[in-house]
Every structure is written in structure tokens, then in C-alpha cells.
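Since the structure comes first, as C-alpha cells, the remarks are kept for the end.
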DNA sequence: CATGAATGAGTGTTCATTCAT
DNA sequence: TATGAATGAACACTCATTCAT
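Residue numbers (our numbering), protein chains in the order written: chain A, 7 to 181; chain B, 7 to 181; chain C, 7 to 181; chain D, 7 to 181.
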């Protein structure tokens, strides 16, 4: 059912993203949909959570004994892979999330992910500037912005994209 | 009428962005709205055009006798100012544009803007890499991503933001 | 449109009382219905108001220079006529009103009507008991109860019913 | 299960009165509910029957050797007690009964109850008028109307209410 | 017998668009 | 040209009922 929702969102965009369409695509009745989710918002939230969890898990799994530069690269690699996996979905979920009331679980997951970013940016071999406020936000924004645009252009070559993002972030940090 | 649409979008978001609300806010009847615009999509497109034109004009006005680095900084400055002027509007228009079928005028304006970017990146004192494909797109994406995120965080200090964006773009270009 | 709602309520009961049915019966689209009423509750409230207003006007028009007994009889006559006019509608509105949140206009109208009852019961030639609390409520309840039951039995002879109600109320008051 | 239905009806009104809610409250599955009752209507009917049976039994138990006036008072006392026991339930069942198709068992029970009324009203020390048609219906309506209104006002003092109802009925009968 | 997931017709409501005035 | 009442497809959601396990 979540996968059906994801598919609809990717294929038809926000306009086609209706509970009836989701149910039909999932091959269940609209009534069943509402037995698993209390409402449309819950479906979207679950979808967001699912996508965010993949990234969080990838990122948390990065070997913390590695140097900061190496970890940063791996982090970017994970973020790129995550966004490139389903670029349209990632973008639309991002958009729709803004309409939803804040959700505890989503917020927690976002905080956990940001935490990993912050730890990496505070590593020993990182410049002092990297620990400043807003830096984490900037780095995330750079990654998101570049990968999003690449996704919209239809880029699929993750390796090349990762290299460019690494260059941008490294440059920003003064590495 | 366009300003009414902009206001509604900023104040009520995509959910409140209805033709009736726009007409009421503009102080005209819904019938009149449809005499000036063939449909809701046309209103949004006109709004997008209006906002893009401001940026294009600012950018086109940059003194082309200046060095590439200086022009790049001015360009970023203009982009930041443009996005920070009405951050919510800029973001929502961006989102809603994706729903609309491609539009000739919008595309032309985007191409014109990108053209200026490209010329600056191809300036004599710029590294060779800057002329490669993707680079223009990447730079635009970095700027958009960072400024968007800043707008969402509620940042209003354009000067500090410009500096950070310049740093990111310069780093990315290897300046 | 109100008349359509009334008709549906009378013919199909609360079960058939849907906005779509009302619109269809009224010969307008569902959209038009919602241009005149903000919601289903508003339709029901307007209907209640309409019915209550008839009774209030009848009752307020009773010549206040008459003796208490005479006025009481006229009041009962008016109440009977009102309830017998559309007995099913009166009853169902009564039921549905209980589901609705309290409404200022309805409450005011009810208070105005009760006020007239109270004034008549406090007339000079009325027994002292008539002025006691709960008496107004009891009298209204007797009238409503008897007339409602008569309506459900299909009685249409107002004159005979009025006599019996007068007898009950007079007996209750000790006249 | 019936008690669960009664509880839901009292606590949540007709809006909350759903088969799922009843089953949950009763601690059984919705499937089991449908093994004991063929449908929602049957549950409501059974509930009506249960409540009516209590009154019928009370009334049938009245000593038939007593005088008519005394028996009438006892009957009213029983009716008041019955309605005041669970005033909200009594009222809502009354309302919901109107939606249901007529039921043999309910009708029989109602007839039995009315029969007792009629016998009392035909007692030797009762006025001739009491035996007329409509009188039984009127008396029942007076009692129901007054007690219902009292229940809605939140009255709980049965004794005072019984006295007032007796006064109304006696007055009506010309006692 | 008991279960509860599945069903889908039906509900109240919104909103982009049209067109007679 | 301006108006705004009218339209109706579409939406999110509910709930009485069924039936495979």
C-alpha cells in the first residue's frame, strides 16, 4: 500500500495522489486503506518515514573510526544514492511534508540524521569553521539542492554526481 | 490580480491558493479573473514569469566589463536578494511550477538567465572546469538550495548568506 | 432549497436527509447548495428557525389585553396548529436539533417563545402555582407530547385536539 | 452486548452508535455481533424490547383490586421511574425506533402496555370520558412528554415529577 | 463458534470553470 | 466588459455488512 502510494506520487504527481488512486493501485478497497492508516496524512508520513529511514540507516552505518574527510564523502555518497534512487518521489515528499502538521517521528528521524552530519563536521581533521552553526544546514542544503536538480535533469550517473557534490561541500568547508 | 495571487500563496500556502480567493483578494469577480487569464495555471505561470523577470533583469544588468569573480559575486548577490525578497512565494512557485505543463515563455526566460550564468562562468579568469556541462546547473542548484533553506529557516541577513554561498560556489569551481 | 430539505425530511426521514438528496430535490447542483449554506448543519438550522419563527409570530400576536385563560387557549391553539401543519417535519427537526451544536439564533427564538408562555402563565387570573419554575417547561412538554403523539397517529382534526390539550393544561394548572 | 449498545447510545448519542463501537465495547468481535443479531436494526429492536419489558412488567404487577385512582398513580409512578432510570437512552431509543420498520414483538409489547392503561382508565371510579378513544394515547403522551422533558432538563427527583404528572393526568381526566 | 480484515456504496464538502445577464 | 450564481467531477473519509480462516 505504501509502495502503491509511492508509485502514484511518482507517476501522477501531487495531483493524482488521492486516497482512491492509492487504494486502486494497491489492489485493495478504499476501506482497507483506512484500516491501516487513519488518514491520507498518515500515509504520506509513513512514506516520508520509510524514505528517511533508509538514509538514516545508511548514514549511521558509516564507520566512525574513519577520518572526517572520508566519512564526509561516504555520507554524501549515501545521500546522493538515496535521492537518486527515486528522485521524483523524494522531491514530492519533501514538498508535501510542508503541508502536513509536524510529526514527532519524522522530526526525530530528521534530528538523528542531522546529528550524524554534525558529528562528521566536528571531526578532528575538519576545519574549525565546520563546527559553526548553520554549517550543517548549509551542507545539507547544498547536497539536497544539487542532487535534486540532477534528479530533475534526469541524471543517473551517481559516481560523477557524488564527485561534484563532494567538490562543492569541500570547497564550502575550505578543505 | 497577480499581486493578490502572490499574497494568497504567501499567506495561505498552496492549500488556500484558489481562484476564488485570488479574485476576492484582488477585489474583482471570478468572472473577470477568467477574462484576463484562461485558467488557474496561467495565473501561476504569469506569477512565475514576473518573479523570474526581476532576477533576469538584475543579472543582465551586471557590468560585463568586470572580471569573472566579481561578476559571479554580483550574480550570487542578485540571486540571494531575489529569493530572500519573498522566500515563501519563491519556494511555492517553484513547487507549483512542477505541476504545470512546460511553458514557452517560462522556458525562454530560464534559458536567458542560464545564459548569463554561462557567460560569467566562461570568463577569462575562471578555471576551465567552469565551462563544462552541468556546471551551470550545479551552480544554480547550489544557490537555490542554500538560499531556499535559509529562507525556510527564517534567515534574513542577506550579506552573511551571500558570503556563504560565494564560498560554496567558489569552492565548487576551484577558485 | 429549504423547502426541498423539508420535503426530504418528511418523506425519507433522517436516513434520506443528505445534501445530495436535498440538492437534487431542489433542482440545483450540490455546488449551489453550498453557496447558500455553509454546511448541512446550517440547512437544518435554517429549517428549524423557519418553523420556530412561524410559531413565535403567531404567539407574539396574541392580544395581550385578553384574560389569561383566553390567551392560554389561543396559545395552545397556535401550538397545535403549528405542530399539526407538518407533524413529521416538526418531530424530525426536534430530533436532529439535539445533534447540532447550540445556535444563538435558535436559542434566542426559543427563549422568546418561552417568554410569551411565561407571561401568560403569570397573568392575573391564573393560579399562583402557574408562576412556579418548571411549570412553563411542563406546560410546553404537555402540549408537545400530546400534539406529537396525535401527529404520529395521523390525527388532523385540530379543533378536537386543541380541546383535549386545553383540558390537560388547565387541569395541570388547577384552573 | 445489549448493555454495550445501551452504553454507547447514552454516552455518544446516535452519531457514535455504530456496530463496531458496540462490538468493541462489548469485548467481542464484530463478527460475533452478527452471529447474535442479523443486523444493526435488530440490536436496536432488542434494546427497545428490553426497556419496554421492564415497564410492562412493572405495570402488569399493579394490584388490580385497588381503585382506579390509586392504580393510575402507581402506573404513572412506574412510567416515571422507568423513563428516569436512563433518560438519555429512553429518548434516543424512541427516536431511533421511528427509523426502523415496524416490528411484531415491539408492537405486541406496546399493545400489552396500552392494554393495562386502558383497563385502569376504564375502572369503576373513573369518569366516563376516560374510556373514550384517544384518551389512552393522550395520557401516555402526557406522561412521556413531561418525563422526557424533565429528563432532558436533568431532573432526577422522581417524587416531585410524579406528583406533577399525576396532576396533569388527573386534570385531563377531570378527576 | 469466533474472528477481524476486507468491502464499497455513500457521505459531506471543495473548487476550477462556465455563461446568462 | 464585468459579474457571480451555477455547475459537477472529484475528494477524503465512514460504517454496516460479509466471509475466509
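We put the CB at the ideal spot given by N, CA and C, even for glycine. Note that the coordinates shown come from a computational prediction; the quantities given were computed from them, not determined experimentally.
Run the CB neighbour count on residue 83 of chain A, radius 10 Å, all protein chains shown included, and call it buried at 16 or more, exposed below. buried
Give the straight-line distance between the Cα atoms of residue 180 of chain D and residue 33 of chain D, rounded to the nearest whole angstrom. 52 Å
Mind checking which residues open and close the alpha helix (DSSP H) that includes residue 42 of chain B? 36–42
Decide yes or no for the touch test of the region 66–81 of chain D against the region 120–135 of chain D: beta carbon pairs closer than 8 Å, at least 3 of them. yes
Can you give me the start and stop residues for the alpha helix (DSSP H) that residue 87 of chain B sits inside? 74–91
Pick from A/129, A/143 and A/170 that is closest to residue 145 of chain B, judged by C-alpha positions: A/170
Measure the alpha-carbon distance for residue 154 of chain A versus residue 132 of chain B and round it to whole angstroms. 26 Å
Of the residues B/63, B/97, B/54 and B/72, the one placed nearest residue 109 of chain B, counting alpha carbons only: B/54
Considering only residues of the same chain and omitting the five flanking positions on each side of residue 47 of chain D, which have a CB-CB separation below 6 Å? 106
Between which residues of its own chain and residue 135 of chain D is the CB-CB distance below 8 Å, once the five residues before and five after are set aside? 141, 179 and 180
Please work out which residues of its chain come closer than 8 Å, Cβ to Cβ, to residue 99 of chain D, disregarding the five sequence neighbours upstream and downstream, and give them in chain order. 15, 50, 53, 54 and 57
Out of D/116, D/152, D/27 and D/22, which has the shortest C-alpha to C-alpha gap to residue 86 of chain D? D/152
Applying the criterion that 16 or more other CB atoms from any shown protein chain within 10 Å of the CB defines a buried residue, is residue 41 of chain B buried or exposed? exposed
Selected residue, minimal CA-CA separation from residue 102 of chain C, among C/17, C/38 and C/23: C/23
9 Å Cβ cutoff met for residue 126 of chain C and residue 167 of chain C: no
If we count the other Cβ atoms within 10 Å of its Cβ and call it buried at 16 or more, is residue 79 of chain B buried or exposed? buried
When DSSP labels each residue in this structure, what does residue 69 of chain C get in the three-state scheme? coil
Any chain D beta carbon closer than 9 Å to residue 27 of chain C: no
Rounded straight-line distance, which links the Cα of residue 13 of chain A to that of residue 61 of chain C: 60 Å
Flag residue 176 of chain D as yes if its beta-carbon sits less than 9 Å from any beta-carbon of chain C, otherwise no. yes
Compute the beta-carbon to beta-carbon distance between residue 88 of chain D and residue 64 of chain D, rounded to the nearest angstrom, for a pair I have assumed lies under 8 Å. 7 Å
Compare the C-alpha of residue 7 of chain B against each of B/139, B/19, B/20 and B/37 and name the closest. B/37
Chain-ordered chain B contacts of residue 148 of chain A [CB-CB under 7 Å]: 148, 151, 152 and 174
Beta-carbon contacts of residue 111 of chain B that lie in its chain and below 8 Å, excluding the five residues immediately before and after: 51 and 55
Interface residues of chain C around residue 140 of chain D at Cβ under 9 Å? 156, 159, 161, 166, 167 and 170
Just mark residue 73 of chain D as buried or exposed, buried being the case when its beta carbon has 16 or more other beta carbons within 10 Å. exposed
Starting from residue 26 of chain B and walking both ways along the alpha helix (DSSP H), at which residues does that stretch end? 25–32
At what residues does the alpha helix (DSSP H) containing residue 178 of chain D begin and finish? 164–179
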